[in-house]
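Take the sequence shown: its letter number 150 is residue 150 in the UniProt record's numbering, and every next letter is one higher. For every residue, glycine included, the Cβ atom is placed at its ideal position computed from N, Cα and C. Input: a single structure, listed below in structure tokens.
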Amino acid sequence: MADAWLPGAGRMPAQQDGGALRGGAPRAVWCAGEYDPRAVSARSVAADLGKEDRPPHLVWHPGTGEIVQLLPITRAARLLGDRVGREGRVCAQIMVVGQSRTPFTGSLLLGLDAIVQWLDAWGVARRWPAGPPLPSPQSYHASRTRKEWARGGHYGASQVPTLDRPDPGGIDIRRITGPDTPVAPIPKPRAP
1 MADAWLPGAG
11 RMPAQQDGGA
21 LRGGAPRAVW
31 CAGEYDPRAV
41 SARSVAADLG
51 KEDRPPHLVW
61 HPGTGEIVQL
71 LPITRAARLL
81 GDRVGREGRV
91 CAQIMVVGQS
101 RTPFTGSLLL
111 GLDAIVQWLD
121 AWGVARRWPA
131 GPPLPSPQSY
141 HASRTRKEWA
151 RGGHYGASQV
161 PTLDRPDPGG
171 IDIRRITGPD
181 TPVAPIPKPR
191 AP
């Protein structure tokens with residue numbers, strides 16, 4: 001069985017997790033919290049999210065490679081909220097130190113391989129059932145269907161049912177899950 005804590009990541013255990021996971025297809029959700037990566041470290045973002053009682057599993061700074069883990073992947077995190085955040089055998093919630101208007105895949109991705117290999121070990125398929133996330137602000141109108149969510153794999157926060165978030169923006173999904181990642185058509189924004 002894979003390690004519940006990402007090997008090599010810094011640890012900052014959160015006071016409270018989101019409870020037990022409910023089962024279903026394993027998934028990972030990529031978020032960007034509108035943090036300036038030139039001014040903020042992963043550790044400081046992790047501390048802020050912990051104080052706000054919204055801990056994700058990981059906070060990752062792609063420019064420095066710094067990774068901080070707040071919760072074991074075997075428990076639900078609290079960044080996405082209670083309902084969707086508890087779905088799946090695994091529902092890894094990853095906060096990227098970056099901004100949705102500037103996709104984080106456009107620059108260095110130090111430490112990404114370790115994260116993706118860890119997700120592989122937990123059965124998160126290298127696919128994006130909802131297709132590539134839309135750029136911000138169009139991502140506010142992205143399709144967030146339960147059918148796509150039920151398949152498991154990788155998602156942007158803007159693709160998660162019941163959430164109204166623009167992040168992570170128009171990221172290049174192949175830079176995350178590899179050049180062989182099948183690319184679904186770019187989703188059309190839903191009518192307002």
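Check, Outcome
"In the DSSP assignment, what residue or residues form a beta bridge with H154?", "A28"
"What are the uninterrupted segments assigned as alpha helix (DSSP H) that are 4 or more residues long and contained completely in the stretch 104-137, given in chain order?", "112-121"
"What is the residue span of the beta strand (DSSP E) that I67 lies within?", "E66 to Q69"
"For W149, which residues from the same chain have a beta carbon less than 6 Å from its beta carbon, with the 5 sequence-adjacent residues on both sides left out?", "P161"
"Taking the alpha carbon of L79 as the point to measure from, which residue in R146, P182, L109 and K51 has its own alpha carbon closest?", "K51"
"Sort out for me which residues DSSP pairs G98 with in a bridge.", "BP columns for G98 are empty, so no partner."
"Determine which residues share a DSSP beta bridge with H57 and list them.", "Note: H57 sits in no beta bridge, so no partner."
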